[in-house]
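Quick notes on the structure that follows.
Numbering (the numbering used here), first residue to last: 5 to 152.
Structural data, given as structure tokens:
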């Protein structure tokens, strides 16, 4: 009987250890950590980090209605067309389903985009992330302006 119980315990432990259902376990980056890394890469206009954090099929929607692909999005940050001086996130809500995370938050930022005066913006942002190859990648982002 003891041997039978030991086998069951070992089987359960093995299943838990091998379960790929939770991408935020173990050594892999958490979605919250990835969002912080993404925020930092936006402010620093770090092309390499942005490339690593975004999917090849990225669709990046601005509150103005402009939609950019991955190359356009990164280029606009690097050349200063879009320039974040500071970003603060609040009211963050994360929902996961398998290898997908849906993140909503409020973004308050200081910007100084090329050809425009310094501005303070407040946006509601929705991002969709996919966990693949041991990391989270941004698939889609959409922002809308808010006054509250």
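Every residue, glycine too, gets a C-beta built ideally from N, C-alpha and C. Because the structure is a prediction, the values reported are computed rather than measured.
Assigned secondary structure, residue i (DSSP; H/G/I helix, E/B strand, else coil)
i           : result
residue 116 : coil
Closest Cα partner of residue i within the set the options
i           : options            : result
residue 143 : 85, 122, 104, 43   : 104
residue 96  : 118, 108, 86       : 108
residue 48  : 58, 90, 65         : 90
residue 63  : 139, 133, 151, 112 : 133
residue 80  : 93, 54, 99, 98     : 54
residue 33  : 136, 82, 130, 59   : 136
residue 42  : 116, 70, 77        : 77
residue 88  : 65, 113, 72, 68    : 113
residue 57  : 131, 150, 151      : 131
residue 120 : 50, 84, 94         : 84
Cβ-based burial, residue i [other Cβ within 10 Å; buried from 16]
i           : result
residue 148 : exposed
residue 31  : The predicted position of residue 31 is uncertain, since its pLDDT is 44 and thus under 50; a value taken from the coordinates is nonetheless stated next. Residue 31 should be labelled exposed.
residue 101 : exposed
residue 61  : exposed
residue 86  : buried
residue 124 : exposed
residue 99  : exposed
Opposing strand residues paired with residue i [DSSP bridges]
i           : result
residue 97  : 108
residue 124 : 114
Exercise for the section: Identify every run of the beta strand (DSSP E) within the stretch 36-80, keeping only runs that are complete inside it and at least 3 residues long; order them along the chain. Expected result: Whole beta strand (DSSP E) segments, 3+ residues: 58-65, 71-73.
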